[in-house]
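A short worksheet on the structure shown next.
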């Protein structure tokens, strides 16, 4: 390194060496905290960038949708833990060098806030997944039996998670008040001894598995119901589309949503459970996994939400085209056809020169030939071609 690039180059060698040794010792002692600070800063930048992109790509109509509001809340929940981690670690650095600061008392509010936002962020993200399932399975097209089969277990698990998170945060705050205020490590140790965080993460695993696996079984059962319920005018077969084709599209949508929102969050939750039951000298690894898990969930649900909304719009356009085709086929079969012709006998063929009345009252004139093996549809098709060429 050039001496001009070294900030200690202009100092006497003895002083420069002492400062360098002090910095090296400080970095070695706080290397884990520095890693978490860097990680929190990176996730903070990603979350803020996604938030700006979400606002930029949204419209006035999409901003009124519940899923957009939940996405904004999810981005906020992903951003706040990163900020809290940065403030908490900075307070830790200041407290270790200043003996007049009560470190445990100063960092306690940040730890309590961090526990709240960390637990509720995953719950908010899973609520977005539930809203996307509502888009995939519209309640207006489902019978009460199908609706309860798909959404009943998911809502029950969500309620259980909310109760577990509230109990966990309340009990943690009660125990934190009775702790001695001289060592902030106790704030981490009581979390490891509590059963509530393990219950919250276990319910999150069950909820994620249920949200991303049970709909596939439900798609099969709903498709079977659609085949059996012939009186259901909202079934795909009554809308001019194949039920198998319709639900295969939903299979593909759900699979991609599950791949982006289930695999990585579940890995992080499993790691958190492992670190909770494994003896560790400090809470740095769990803090790094916690802030990463929150942001991975938020980023995954944002990308999947944007993709799912685009896929849903394309799917609706396809269904509109299919319905229009079905209506056109029905109208084609009921078109009034009138022949005004002169019969010219030449063997078994009949040459008719006259008029064919098509839909809308348009009259096409031309020469049409009918044999014993001809049918009326072929003549109408010829009339339509002539009508199109004239227009």
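Numbering (the working numbering), first residue to last: 21 to 411.
Just so you know, even glycine gets a beta-carbon here, dropped at the ideal spot from N, CA and C.
Keep in mind the model is a prediction, meaning the values are calculated, not measured.
- Classified as buried, residue 178 has 16 or more neighbouring CB atoms from the shown chains inside 10 Å of its CB.
- Taken through DSSP and simplified to helix, strand or coil, residue 139 comes out as helix.
- DSSP places residue 53 in the helix class (H, G or I) of the three-state scheme.
- A Cβ-Cβ separation of about 6 Å places residue 147 in contact with residue 90 under the 8 Å criterion.
- Residue 291 and residue 313 have their C-alpha atoms spaced approximately 10 Å apart.
- Nearest Cα to residue 145 within the set 293, 297 and 96: 96.
- Taking 8 Å as the upper bound for CB-CB distance, residue 188 and residue 220 are in contact here, some 5 Å apart.
- Spanning the alpha carbons of residue 310 and residue 288 requires a straight line of approximately 8 Å.
- The stretch 171-186 makes contact with the stretch 207-222, as at least three CB pairs between them are under 8 Å.
- Shown here, residue 81 sits in coil according to DSSP, grouped into three states, outside any helix or strand.
- A Cβ-Cβ separation of about 6 Å places residue 99 in contact with residue 64 under the 8 Å criterion.
- Comparing C-alpha distances from residue 142 to each of 185, 175 and 75 shows the shortest one belongs to 185.
- Sixteen is the threshold: when 16 or more other Cβ atoms of the shown chains lie within 10 Å of the Cβ of residue 211, as they do, the residue is buried.
- The straight-line gap separating the alpha-carbon atoms of residue 227 and residue 46 is approximately 43 Å.
- Ranked by Cα distance from residue 215, the options 59, 80, 296 and 196 are led by 296.
- Per DSSP, the unbroken alpha helix (DSSP H) holding residue 175 starts and ends at 164-197.
- Annotation for residue 53: 109 place their beta carbon closer than 6 Å to its own, counting only its chain and skipping 5 residues before and after.
- A Cβ-Cβ separation of about 5 Å places residue 87 in contact with residue 151 under the 8 Å criterion.
- Rounded to whole angstroms, residue 207 and residue 137 show a C-alpha spacing of 16 Å.
- For a cut-off of 8 Å, the C-beta gap from residue 42 to residue 318 is around 39 Å, too long to register as a contact.
- Between residue 157 and residue 167, the alpha-carbon positions lie close to 9 Å from each other.
- Counting only the Cα atoms, residue 321 lies some 11 Å from residue 284.
- Under the three-state reduction of DSSP output, residue 303 falls in the coil class, being neither helix nor strand.
- The criterion of a C-beta distance shorter than 8 Å is not satisfied by residue 134 and residue 164.
- Residue 298 sits in coil when the DSSP states are folded into three classes, being neither helix nor strand.
- Cβ contact annotation for residue 82 (same chain, cutoff 6 Å, sequence separation greater than five): 88, in chain order.
- Straight-line spacing of the CA atoms in residue 229 and residue 61 works out to 31 Å.
- For the options 315, 66 and 50, the alpha carbon positioned closest to that of residue 304 is the one of 50.
- Nearest in C-alpha terms to residue 209, of all of 73, 160, 55 and 299, is 299.
- Take the alpha-carbon of residue 176 and the one of residue 162: they are about 19 Å apart.
- Spatial neighbours of residue 78 in its own chain (CB-CB distance under 7 Å, excluding positions within 5 residues in sequence) are listed in chain order as 88.
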